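If you're matching positions, the sequence shown starts at 129 in this note's numbering and goes up one per residue.
See below for the structure under consideration.
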Amino acid sequence: MDSSAGKIPPGIWAIGSDLKDLPDTEAFVQSSTLAVAITMRRPQSESGHALQCLRQMTSQKSFVAVHGHADLALAANAQAVIVGVRSLSMAIYRERFPSLLLGVSTHEQKEVEQALSQGADFLIFGPIWETPEKVGVMHPKGLKTLAQICKISSIPVIAIGGIGAGSQVQACQEAGAYGVAVLRAARNRATMAELADAFKAERL
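Now the structure itself:
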């Protein structure tokens, strides 16, 4: 595993998507207390307000990532930015935001290979199972494909997509995933407790 792995927390990651305001952000942070990392995606407010929400996250979690907005991540002292393979090159992010870890959202092996060749620090890969956001857009990749991706990857792979039960967390870990990211489950304390309990660090 690449040396960057020591900076990436293994376990359950919670995705805060479409957060509207500070109360909504606080509710998300509280429901996802057991997550080892949280991320902000598609903030539903102007940049200044989004920055306040993000700072609320970084004040309560030791690892926070931002999807696509490296400027917000830097301003809020977040640890990472998550980009797509069609975003700016890794070299540009490294030059402009050297303090941020770089995660890449991937869906195919060729995208994984591209991210690896450009020096990503970690990968988000999926959807592993069917998820409402991807219905009609992208087919589930499944555990077999996840295992193949984890086998070729020299950096942490965070599995995503349709994960809402402890058995799924265990299956992803057995396939080689370093962690799992959840969106809808992050709003449910009981579900988060089940997922966190299912993740076993000794399996890594």
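Don't be surprised by glycine CBs; every beta carbon is placed ideally from N, CA and C.
For clarity, every value in this text was computed on a predicted model and none was experimentally measured.
| query | By Cβ distance below 6 Å, which residues in the same chain neighbour Y221 in space, the five residues on each side in sequence not counted? | reply | L230
Original post:
Is any heavy atom of the ligand SAM found at a distance shorter than 7 Å from the C-beta of I136?
Top reply: Questions concerning the ligand SAM fall outside what the structure shown contains, since it holds no ligand whatsoever.
Whole-angstrom distance between A208 and Q180, CA atom to CA atom: 17 Å
Determine whether the beta carbon atoms of M320 and A155 lie at a separation below 8 Å. no
Requested in this report: Count the CB pairs spanning the segment 177-191 and the segment 210-218 that are closer than 8 Å, and state whether there are at least three.
Outcome: no
Would you mind stating whether A287 and V265 have Cβ atoms separated by less than 8 Å?
-> no
Check: Between T275 and the rest of its own chain, which residues show a CB-CB distance below 6 Å, the 5 nearest in sequence each way excluded?
Finding: What sits at residue 275 in the sequence shown is Ala, not Thr. A303 and G304.
- Message: Between the alpha carbons of M168 and A201, how many angstroms are there, rounded?
- Response: 9 Å
Secondary structure, alpha helix (DSSP H): runs of 4+ residues fully inside the segment 143-226: 150-159, 175-186, 198-203 and 218-224
- [ ] My understanding is that T234 touches F250, with C-beta atoms under 8 Å, so please give their C-beta distance in whole angstroms.
- [x] No, T234 and F250 are not in contact; Cβ-Cβ is about 11 Å, not under 8 Å.
| Relative to the C-alpha of I166, which residue among A313, I283, W257 and S227 is closest? | A313
- Query: Going by other Cβ atoms of all chains shown within 10 Å of its Cβ, with 16 needed for buried, is G176 buried or exposed?
  - Reply: exposed
Query raised in the report: Going by other Cβ atoms of all chains shown within 10 Å of its Cβ, with 16 needed for buried, is Q301 buried or exposed?
Result: buried
Whose CA, out of G212, I210, G289 and V194, lies closest to the CA of A204?
-> V194
* Rounded straight-line distance, which links the Cα of T259 to that of D152 -> 23 Å
Original post:
Would the beta-carbon of I291 fall within 8 Å of that of V297?
Top reply: yes
Check your understanding: For I280, is the classification buried or exposed, using 16 other Cβ atoms within 10 angstroms of its Cβ as the cut-off for buried?
Key -> exposed
Point to revise | Own chain, CB closer than 7 Å to L150, minus 5 neighbours either side, in chain order | key: Q180, C181 and Q184
Check: Which of the three DSSP states, helix, strand or coil, is assigned to A248?
Finding: coil
Inset, instruction - Pull up the distance between the alpha-carbon of S145 and that of V232, whole angstroms please. - result: 17 Å
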